[in-house]
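Visitor:
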Amino acid sequence: PIQAGDRIGIAVGSRGIANLSLMVKTLVSFLHEKGAEPVIIPAMGSHGGATAEGQIAVLASYGVTETNVGAPILSSMETVCLGHVRGDIPVYFDRVAASLDGIILMNRVKPHTDFHAPYESGLVKQMVIGLGNHLGAQLVHSYGLLGLQELIPEMGALILTKAPILGGVAVLENAKDQTAVIKVLAREEILPEEPGLLEKARQLLPRLPVSDIDLLIVEEMGKNISGVGMDPNITGRMGIRLNRQPEHPLIRRIVCLDLTPESHGNALGVGLADVIPSRLADKIDYRVTYANVITSTFLERGFVPIVQPSDRAAIEVALQCAGRKISADDARIVQIKNTLELTEMFISKPLIDQMDPHCTWEKLEEFDYVFSPEGELLSRLGSGA
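Positions in the sequence shown are counted from 1; adding 292 to them yields this note's numbering.
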């Protein structure tokens with residue numbers, strides 16, 4: 293039980309979770325009522341440029357600041373070794389977090405963008421990679437898919453016995469990216485309960501209503517949208533060499549138009565696109581991006597696509613290189629705001645008859661693509677086009 297005067301850390305990651313600051317603030321208030329002294333611990337591995345200051349900035353972009361949530365943020369890249377798995381593989385853990393009286397994890401449980409296993413994005417991964425800071429994240433990722441699929445649960449089990457983990461708050465979101473389930477787990481419930489929550493999250497995952505697409509136009513990518521900028525569970529592109537790609541959807545070319553401000557220049561996942569306009573290319577912070585990409589070991593995701601001077605030029609090149617002869621009348625084009633917001637999208641007429649019969653959809657209006665004289669795409673979701 294939490295005692296008066298206990299210093300309790302709330303582990304908060306770098307994902308754009310709906311209602312994140314509200315949930316953190318609520319937990320802080322609960323701990324204050326218990327007489328505890330809550331603190332916020334960034335749990336985001338190498339994100340934020342793998343610096344303490346960068347991680348504070350990432351939290352602030354989600355409204356998690358000392359002023360907003362009522363608790364100080366203790367950010368550090370220093371780690372301690374809690375022990376070893378498989379004989380000689382060290383398990384690193386945030387030094388500040390390890391010194392506290394207790395830690396409460398808080399993370400979204402969701403299918404991962406790199407791999408599929410009983411534990412993907414969630415509380416266990418947050419313990420191992422998030423609270424492992426840059427050193428721990430780099431170590432796990434250095435083992436590639438083995439590290440993600442097998443080492444995460446083994447390291448998580450060790451952390452649960454060595455670190456002052458009290459429990460966790462697991463959050464599931466629906467297809468509209470809003471909070472669907474909040475599940476509070478005690479320490480001993482985390483390992484047995486999380487796989488079931490992951491399966492439920494998988495059922496809630498949004499999908500594109502068509503599966504054979506010439507061109508997918510993504511208006512924006514970013515770390516607040518997916519850890520990989522554009523969720524591979526939506527695009528069908530893992531961007532990992534030698535890793536088996538999903539059979540559906542089949543998307544021949546992807547154009548991404550912009551990088552969100554919340555990404556702070558981190559364009560990990562830009563390599564999942566084929567063509568980008570210079571607008572996006574100019575926003576890439578290569579130091580931040582490469583720190584994240586190299587830690588993940590999946591270098592292909594950091595490769596810069598073909599860059600064109602405008603949205604129009606990027607779209608034209610993508611259609612020209614789609615691998616089949618395409619006319620204006622038969623181009624199969626889907627345009628989405630991002631891979632999180634899929635309740636509205638633009639779909640070209642040739643795809644209407646190919647809509648998933650299990651998908652409930654409503655035709656809102658017809659439109660034509662409109663570009664500015666400079667080639668900027670003006671027909672955007674929510675723009676009234």
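Beta carbons: idealized from backbone N, C-alpha and C, even for Gly.
From N481 to V510, what distance separates their C-alpha atoms?
Guide: The sequence given here places Glu at residue 481; Asn does not occur at that position. For E481 and V510, the distance between alpha carbons rounds to 38 Å.
Visitor: Around the C-beta of I644, are 16 or more other C-beta atoms found within 10 angstroms, so that it is buried, or is it exposed?
Guide: Exposed, by the Cβ-count rule.
Visitor: If you draw a straight line from the C-alpha of M315 to the C-alpha of I396, how long is it?
Guide: 12 Å
Visitor: Just how far apart, CA to CA, sit D577 and N558?
Guide: 6 Å
Visitor: Whose C-beta lies closer than 6 Å to the C-beta of I332 among residues of the same chain, with five residues either side of it excluded?
Guide: Excluding sequence positions up to five before and after I332, its CB lies within less than 6 Å of the CB of I302, V304, A363, I365, all in the same chain and listed in chain order.
Visitor: From the DSSP output, which residues share a beta bridge with N399?
Guide: Beta-bridge pairing links N399 to A462.
Visitor: Could you compute how far the alpha carbon of G676 sits from the alpha carbon of K641?
Guide: Any reading at G676 must be qualified, since the residue scores a pLDDT of 49, below 50, and its modelled position is unreliable; no value is offered.
Visitor: Run through DSSP, which three-state label would H376 get?
Guide: strand
Visitor: Keeping to the same chain, check which residues put their C-beta closer than 6 Å to that of A429; ignore five residues upstream and five downstream.
Guide: Excluding positions up to five away in sequence, the list reads G337, S338, I421, T587.
Visitor: With which residues is M513 paired in a DSSP beta bridge?
Guide: L551
Visitor: Counting only the same chain and skipping the five closest in sequence on each side, list residues whose C-beta sits under 6 Å from that of N311.
Guide: T471
Visitor: Please work out which residues of its chain come closer than 6 Å, Cβ to Cβ, to Y661, disregarding the five sequence neighbours upstream and downstream, and give them in chain order.
Guide: S671
Visitor: May I ask you to report which of helix, strand or coil DSSP gives G297?
Guide: coil
Visitor: Have a look at E512 and N630 and give me their C-alpha separation to the nearest angstrom.
Guide: 5 Å
Visitor: Let me know the secondary structure DSSP gives Y435 once reduced to three states.
Guide: coil
Visitor: Can you say whether G308 is buried or exposed, counting buried as having 16 or more other CB atoms within 10 angstroms of its CB?
Guide: Buried.
Visitor: Please report how far the alpha carbon of E486 lies from the alpha carbon of M369, in whole angstroms.
Guide: 27 Å
Visitor: Beta carbon of I517, beta carbon of T527: below 9 Å?
Guide: no
Visitor: Give the secondary structure of G676 by DSSP, where H, G and I count as helix, E and B as strand, and everything else as coil.
Guide: Its pLDDT being 49, under 50, G676 is placed unreliably by the model, and the measurement read from it follows with that caveat. G676 falls in the coil class under three-state DSSP.
Visitor: Taking three-plus beta-carbon pairs below 8 Å as touching, is the region 554-574 in contact with the region 589-597?
Guide: yes
Visitor: Starting from the Cα of M419, find the closest Cα among T405, S434, K402, M447 and give me that residue.
Guide: M447
Visitor: Measure how close the beta-carbons of D603 and L673 come, nearest whole angstrom, since I'm counting them as under 8 Å.
Guide: In fact, because the Cβ distance is near 14 Å, the residues do not count as touching under 8 Å.
Visitor: With distances taken from CA atoms, which of S434, N399, L351 is nearest N584?
Guide: S434
Visitor: Which runs of the beta strand (DSSP E), 3 residues or longer, sit entirely within the region 556-623?
Guide: 567-569, 598-600
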